[in-house]
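*Asks:* Position one of the sequence shown corresponds to residue 37 (my numbering), numbered consecutively onward.
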Amino acid sequence: MSNNKKNSSVILIDSTALVLKYWFALPPIKTPKYESIAAFIGFMNFVLKFIVDNKPNKICFAFDECLGTCFRNEIYRDYKKNREVAPEELKQQFKLSRRFLSLMGLKNFASNRYEADDIIYTIAKNNRAMGLSNTIITNDKDLYQIIRSDDVWWNMSDKRYTFSNLTEMLAFTPDKIPDYIGLAGDRVDNIPGAPGIGDKTASKLLKMFGSLDNLYENIKTTVEDKILTLRIKNILLENKKLIYISKKLATLRYIKSFDKSSTVIQRDDPDVSKMIQFLKNVGINNNRITYINGLLKKM
37 MSNNKKNSSV ILIDSTALVL KYWFALPPIK TPKYESIAAF IGFMNFVLKF
87 IVDNKPNKIC FAFDECLGTC FRNEIYRDYK KNREVAPEEL KQQFKLSRRF
137 LSLMGLKNFA SNRYEADDII YTIAKNNRAM GLSNTIITND KDLYQIIRSD
187 DVWWNMSDKR YTFSNLTEML AFTPDKIPDY IGLAGDRVDN IPGAPGIGDK
237 TASKLLKMFG SLDNLYENIK TTVEDKILTL RIKNILLENK KLIYISKKLA
287 TLRYIKSFDK SSTVIQRDDP DVSKMIQFLK NVGINNNRIT YINGLLKKM
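This is the structure we're talking about:
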């Protein structure tokens, strides 16, 4: 990657998923005060390694803080009803993670009305308007819908998808992910979709019609076949309202109230002295603090 290309690309990280990953994956780690910090330690180590390995100029982190208070709950009150509220010791580790990022000079955002996905979408759109491309780091396939021609979806493992990769894989353009979820639903987020229409049928319908709107514009005049059977036609016609509600739930929202100047994602220098004191207060051992101090001075 050339320096110009590297400098024009912004890294956008779905951070809640990372903290949760370490919450479930790592064995308990307690401070001398018996406070749990394993998820924070995992997240901190990820961030330090990522910065050292990739040296990004522009990077930011988005967190979820709106379970039950999101605007989507006003559209459909059972949205994410299947999600458990985070226990206090996990909430505390989210706070530690955000404080760590701030002391690192790394922008991070959360909202009690919008989800991390909406924040990432908003910043990505602002970046695009400034001629910047985006690399979205996440395991969430809902975020496929953000990807445009110069962007990359990356799960930090073996999967990196461009717009053309996704279009080939999905059989429809990634901006139609909300149409797909409108049809197939999403169990993880408790989005209903159309009863009786699964992933394969939803994909085939979008490949055939290109979009949900085009499907409904032509559904009554299209001759029934192996994909659009009489049964599927009836499901679509009987559940049109629910399907469009599901699409609305899956569609990422641009946050107009976001100050564009605050989302210019330039990495600042870390505040080394405050960081060292923060790590001591958290209960990180001295050897680890010395190692982190050495890394910070090189950034």
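Note that beta-carbon positions come from the ideal geometry of N, C-alpha and C, so glycine has one too.
Everything numeric in this text was worked out from a predicted model, so none of it was measured.
Nearest-angstrom Cα distance between I65 and N109?
*Replies:* Each residue's alpha carbon lies about 35 Å from the other.
*Asks:* Does the beta-carbon of S293 have 16 or more other beta-carbons within 10 angstroms, so that it is buried, or is it exposed?
*Replies:* Exposed, by the Cβ-count rule.
*Asks:* Contact between the region 144 to 161 and the region 261 to 274: three or more CB pairs below 8 Å?
*Replies:* Touching, no.
*Asks:* Quick one: Cα of K102 to Cα of K131, how far?
*Replies:* Going by the sequence as given, residue 102 is Cys instead of Lys. Spanning the two alpha carbons is a distance of roughly 14 Å.
*Asks:* What is the rounded straight-line gap between the Cα of S38 and the Cα of M192?
*Replies:* Its pLDDT being 38, under 50, S38 is placed unreliably by the model, and the measurement read from it follows with that caveat. Straight-line Cα distance between these residues: approximately 20 Å.
*Asks:* When you compare only the Cα positions, how much space is there between F314 and F136?
*Replies:* Using only the alpha carbons, I get a separation of about 8 Å.
*Asks:* Would you say L288 and D153 are within 9 Å of each other, going by their C-beta atoms?
*Replies:* Yes. Within cutoff.
*Asks:* Express the C-alpha separation of Y70 and L168 in angstroms, rounding to a whole number.
*Replies:* When rounded, the distance between both Cα atoms is 44 Å.
*Asks:* Would you say the region 195 to 205 touches the region 72 to 81, given that touching needs at least three Cβ pairs under 8 Å?
*Replies:* Touching, no, given that fewer than three Cβ pairs across the two stretches are closer than 8 Å.
*Asks:* Figure out for me which residue from T105, D178, F145 has the closest Cα to the Cα of I213.
*Replies:* Of T105, D178, F145, the residue nearest in Cα terms is D178.
*Asks:* Taking one C-beta from the region 215 to 225 and one from the region 273 to 287 each time, how about it: are there three or more such pairs within less than 8 Å?
*Replies:* Because the criterion of three Cβ pairs below 8 Å is met, the region 215 to 225 and the region 273 to 287 touch.
*Asks:* If we require 4 or more residues per run, which alpha helix (DSSP H) segments fall completely within the region 167 to 231?
*Replies:* Correct list: 199 to 206, 213 to 220.
*Asks:* Do I18 and I301 have their C-beta atoms closer together than 9 Å?
*Replies:* This structure gives no information on residue 18, because the portion of the chain shown stretches from 37 to 335.
*Asks:* Is the beta carbon of F97 less than 9 Å from the beta carbon of F145?
*Replies:* Yes; because the gap between Cβ atoms is below 9 Å, this pair is in contact.
*Asks:* Nearest to D273 by CA position, among M335, N254, Q129, M166, is which residue?
*Replies:* Per the sequence presented here, residue 273 reads as Leu, with Asp not at that position. Considering only alpha carbons, the answer is N254.
*Asks:* Taking the alpha-carbon of N118 as reference, which of N93, Y150, V318, P228 has the nearest alpha-carbon?
*Replies:* Comparing Cα positions, the closest option is P228.
*Asks:* How many angstroms separate the CA atom of E260 from the CA atom of D215?
*Replies:* In a straight line, the C-alpha of E260 is about 21 Å away from that of D215.
*Asks:* Go ahead and label P68 buried or exposed: buried means 16 or more other beta carbons lie within 10 angstroms of its beta carbon, across all protein chains shown.
*Replies:* Exposed, because fewer than 16 other Cβ atoms sit within 10 Å of the Cβ of P68.
*Asks:* With a threshold of 16 other CB atoms inside 10 Å of the CB of R113, please say whether the residue is buried or exposed.
*Replies:* Exposed: under 16 other Cβ atoms inside 10 Å.
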